[in-house]
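**Q** Going by this note's numbering, the sequence shown opens with residue 3, and the numbers climb by one from there.
All residues carry an ideal CB built from backbone N, CA and C; glycine is no exception.
Take this structure first; my questions come after.
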Amino acid sequence: MAVVNYAELYSKALLQAFPYVLHFGALWNSPNKDIYKVVDADTIKIPHITTSGRVDGDRDTIGGFTRNHDNEWITKQLRNHRTWETLIHPMDVQQTGGVMAIQNATKVYNQEQKFPEMDAYTISALYSDYIVSNADKVVKVDLTVDNILTEFDKLMEAMDEARVPQQGRILYVTPHVKTLLKQAKDIQRIISVEGGEKSVNRNVSRIDEVMIEPAVPSELMKTVYDFTKGWKVGASARQLHMLLIHPTAVLPCVNYTFAALDEPSAKTKGKQLYFEESFEDMFALDYKMGAIAFVQEPDAA
Numbered sequence: 003m004a005v006v007n008y009a010e011l012y013s014k015a016l017l018q019a020f021p022y023v024l025h026f027g028a029l030w031n032s033p034n035k036d037i038y039k040v041v042d043a044d045t046i047k048i049p050h051i052t053t054s055g056r057v058d059g060d061r062d063t064i065g066g067f068t069r070n071h072d073n074e075w076i077t078k079q080l081r082n083h084r085t086w087e088t089l090i091h092p093m094d095v096q097q098t099g100g101v102m103a104i105q106n107a108t109k110v111y112n113q114e115q116k117f118p119e120m121d122a123y124t125i126s127a128l129y130s131d132y133i134v135s136n137a138d139k140v141v142k143v144d145l146t147v148d149n150i151l152t153e154f155d156k157l158m159e160a161m162d163e164a165r166v167p168q169q170g171r172i173l174y175v176t177p178h179v180k181t182l183l184k185q186a187k188d189i190q191r192i193i194s195v196e197g198g199e200k201s202v203n204r205n206v207s208r209i210d211e212v213m214i215e216p217a218v219p220s221e222l223m224k225t226v227y228d229f230t231k232g233w234k235v236g237a238s239a240r241q242l243h244m245l246l247i248h249p250t251a252v253l254p255c256v257n258y259t260f261a262a263l264d265e266p267s268a269k270t271k272g273k274q275l276y277f278e279e280s281f282e283d284m285f286a287l288d289y290k291m292g293a294i295a296f297v298q299e300p301d302a303a
């Protein structure tokens, strides 16, 4: 029987776990996740097909034929190269009744470090890509019960104008903003009833047209982070209130290049050694920026 390498099993299980443990899991599971072509460890190419439009027909003659579509490869460099390692002495495992086992160490690492870091990277990377050419489109406003539905409807209208599919739009908000949304909807429904309508009008806003994900902790909805070791909110970070997005506007890329567990040996000085390395990134597609919208707190005075 082949020797089971826990690190190998861990890596495979982790890839499947992302959509279920990350706040932005739906984006990591975007239908675009398989469209890119890997060039090398940190470079990918994204296909972008363009076509011409139709022309008037001619029933009396047969003209020439020409190719009216083309493909442009867009090259992206993976910006997020991360590693993690730990040493575990066999006696530590034994004397703690298994508490210090590699399985427990990696579980805590994933839940308290890696997955929150990936959330922080996701939101800040998308924001960074977006403001390169759309900084003036970021809505900067303090949201209240009175204005939140109006601001949201404006985002939806802009996406309609950009021909973004209505089906599949996702809304990410902080816990406070989610509370405001509920309060605003409740107030509007009360007004509808008091206004003499025979039944409660539930179409008070277009908010019911989108999938609202579970609230994202405020610290994972910032514009900038410091990833020097783990993750922490950047000194110049601003609070993001909303992200309205269609998953087809992003390209997630996760490429595990190495993950292994070495048993105690002379090379590891009698300790178990775990090491993992990955190249990963989340890109906002340049030609689909209309399917992304941010609402953030106003700039500091």
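Enumerated in chain order, which unbroken segments of the alpha helix (DSSP H) with a length of 4 residues or greater are wholly contained in the region 23–85?
**A** If we require 4 residues or more, the alpha helix (DSSP H) runs fully inside the region 23–85 come out as 27–30.
**Q** If you run the structure through DSSP and keep just helix, strand and coil, what is residue 149?
**A** Residue 149: coil per DSSP, three-state reduction.
**Q** Closer than 7 Å by C-beta to residue 201: which residues in its own chain qualify, once you throw out the five before and the five after it? Chain order, please.
**A** Bear in mind that a pLDDT of 48 at residue 201, under 50, signals an unreliable position, so the model cannot answer this.
**Q** With DSSP as the reference, please indicate the residues paired to residue 280 in a beta bridge.
**A** Paired residues: 84, 258.
**Q** With 16 other CB atoms within 10 Å as the buried threshold, where does residue 173 fall?
**A** By the 10 Å Cβ count, residue 173 comes out buried.
**Q** According to the Cβ coordinates, are residue 297 and residue 141 closer than 8 Å?
**A** Cβ atoms of residue 297 and residue 141: closer than 8 Å.
**Q** Below 8 Å on the Cβ atoms is my guess for residue 209 versus residue 187; work out the distance and round it to an integer in Å.
**A** Yes, residue 209 and residue 187 are in contact; Cβ-Cβ is about 7 Å, under 8 Å.
**Q** Look at the alpha carbon of residue 255 and the alpha carbon of residue 136, and state the distance between them as a whole number of angstroms.
**A** Distance between the alpha carbons of residue 255 and residue 136 is about 23 Å.
**Q** Quick one: Cα of residue 150 to Cα of residue 284, how far?
**A** Roughly 28 Å separates the two Cα atoms.
**Q** Helix or strand or just coil, what does DSSP make of residue 169?
**A** Reduced to three states, the DSSP call for residue 169 is coil.
**Q** Thinking just about the alpha-carbon of each residue, which of 267, 165, 281 is nearest to the one in residue 89?
**A** Closest by alpha carbon: 267.
**Q** From residue 224 to residue 240, what does the alpha carbon distance come to, in whole angstroms?
**A** For residue 224 and residue 240, the distance between alpha carbons rounds to 6 Å.
**Q** Spatial neighbours of residue 233 within its chain, please: C-beta separation below 7 Å, excluding the five flanking residues on both sides.
**A** Only 118, 119, 122, 227 meet the Cβ criterion.
**Q** Within 10 angstroms of the Cβ of residue 204, are there 16 or more other Cβ atoms? Answer buried if so, exposed if not.
**A** Because residue 204 sits at a pLDDT of 47, beneath the cut-off of 50, its placement in the model cannot be relied upon, and the following sentence gives the value as read from the coordinates. By the neighbour-count rule (16 or more Cβ atoms within 10 Å), residue 204 is not buried but exposed.
**Q** Taking only the alpha-carbon atoms, compute the straight-line gap between residue 304 and residue 57 and give it to the nearest angstrom.
**A** The displayed coordinates of the chain run from 3 to 303. Any statement about residue 304 would go beyond what the structure contains.
**Q** Decide yes or no for the touch test of the region 27–41 against the region 62–70: beta carbon pairs closer than 8 Å, at least 3 of them.
**A** Because the criterion of three Cβ pairs below 8 Å is not met, the region 27–41 and the region 62–70 do not touch.
**Q** Is it true that the CB of residue 50 sits closer than 8 Å to the CB of residue 74?
**A** Going by C-beta atoms, residue 74 is nearer than 8 Å to residue 50.
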